[in-house]
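To start, the structure under review is shown below, and the notes come after it.
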Amino acid sequence: MKTREDRQKVMIRARMRVGATWHDVCVLNLSRRGLGIQAADPPARGTYVEICRGKIVMVARIMWVKGHRAGLQSQDPIWAQGLINEALAATAQSPASAPVERRRAPRNVQHRHDQSRVAARSMEFACVALFVAAFGITAFGAVGQALAAPFSQIRAALGTEAD
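For the sequence shown, this note's numbering assigns the number 209 to the initial residue and increments by one for each residue that follows.
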């Protein structure tokens, strides 16, 4: 019978990547080769996931799922103290100096909207200017061709009178 490794109880917020999507999880316990998590919708047994906390990244496989909890087996040994220190360092930082995760960063929708409007107006102006320039060149060519015959007749008439 396989002996169960000693587990260290923790409560560490982390991110879990399943395929191309990210989810919030809470790491509940750690051992040398595994961890227990709680997630809103844990993936199915056998799924490979990536658990990230700060600079620490672990690849693990879901070994069991029961409700909102799941047990994961890591492919590499887990550095439990590093994960705990990473969590402690994140909570010890003051809110002003703490890095803001992109998903939690406030989104200035009005600023983005204004930037989009300026870009759209610039593109619209460029298109209209291009159209006006093309129309001007075409009109200049058409007028030049239309007046070429009368001007040549006038030039010929003036040239013969001058002789």
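Quick reminder that beta carbons are idealized off the backbone N, C-alpha and C, glycines included.
Point to revise | Status (buried if at least 16 other CB within 10 Å, exposed otherwise) for Pro285 | key: Counting from one through the sequence shown, the residue named residue 285 turns up at place 77. Result: exposed.
Practice item. From the DSSP output, read off the bridge partner residues of Arg247. Key: Here residue 247 corresponds to residue number 39 of the sequence shown, with the count starting at 1. Correcting the residue identity first, residue 247 is Ala in this sequence and not Arg. Answer is Val233.
Practice item. Could you name the residues of the same chain whose beta carbon sits closer than 8 Å to that of Val257, not counting the 5 residues immediately before and after it, in chain order? Key: Against the sequence shown, residue 257 aligns to sequence position 49. Once the five neighbours on either side are set aside, the close Cβ partners of Val257 are Met224, Arg225, Val226, Pro251, Val267, Ala268, Arg269, Ile270 and Leu280.
Review point. In terms of residue numbering, what span does the beta strand (DSSP E) encompassing Ile264 cover?
Key: Here the question's residue 264 lines up with position 56 in the sequence shown. Ile264 to Lys274 is the span of the beta strand (DSSP E), which, as asked, contains Ile264.
Review point. Does the beta-carbon distance from Ala278 to Ile245 come in below 8 Å?
Key: One-based indexing of the sequence shown puts residue 278 at position 70. One-based indexing of the sequence shown puts residue 245 at position 37. The answer is yes: Cβ separation under 8 Å.
Review point. First and last residue of the beta strand (DSSP E) that includes Ser282?
Key: Locating residue 282 in the sequence shown gives position 74, counting from the first residue. From DSSP, the beta strand (DSSP E) with Ser282 extends over Arg277 to Ser282.
Point to revise | Where Gly227 sits in the DSSP three-state scheme | key: Mapped onto the sequence shown, residue 227 falls at position 19. Gly227 falls in the coil class under three-state DSSP.
**Study point:** Whole-angstrom distance between Leu366 and Thr185, CA atom to CA atom
**Key:** Nothing about residue 185 can be reported from this structure: the residues present for the chain run from 209 to 371 only.
**Study point:** Exposed unless 16 or more other CB atoms sit within 10 angstroms - verdict on Leu243
**Key:** Here residue 243 refers to the residue found at position 35 when the sequence shown is read from its first residue. Classification of Leu243: buried, given that the 10 Å Cβ count is 16 or more.
Practice item. Pull up the distance between the alpha-carbon of Phe333 and that of Pro358, whole angstroms please. Key: The residue given as residue 333 occupies position 125 in the sequence shown. The residue given as residue 358 occupies position 150 in the sequence shown. Distance between the alpha carbons of Phe333 and Pro358: 38 Å.
Check your understanding: Got a sec? Which residues, its chain only, sit under 8 Å from Cys234 by beta carbon, not counting five neighbours each side?
Key -> Translated into the one-based positions of the sequence shown, residue 234 becomes position 26. Closer than 8 Å at Cβ, skipping near neighbours: Met219, Ile220, Arg221, Ala222, Ile245, Gln246 and Ala247.
Point to revise | Beta bridge counterpart(s) of Gln216 as assigned by DSSP | key: For this step, residue 216 is matched to residue 8 along the sequence shown. Leu238, per the DSSP bridge assignment.
Point to revise | Backbone CA spacing between Leu338 and Gly349 [nearest angstrom] | key: Here residue 338 refers to the residue found at position 130 when the sequence shown is read from its first residue. Here residue 349 refers to the residue found at position 141 when the sequence shown is read from its first residue. Whole-angstrom Cα-Cα distance: 17 Å.
Review point. From Asn293 to His319, what does the alpha carbon distance come to, in whole angstroms?
Key: Locating residue 293 in the sequence shown gives position 85, counting from the first residue. Locating residue 319 in the sequence shown gives position 111, counting from the first residue. If you take the alpha carbons of Asn293 and His319, they lie about 37 Å apart.
Point to revise | beta strand (DSSP E) segment containing Arg261, residue limits | key: Counting from one through the sequence shown, the residue named residue 261 turns up at place 53. Residues Tyr256 to Arg261.
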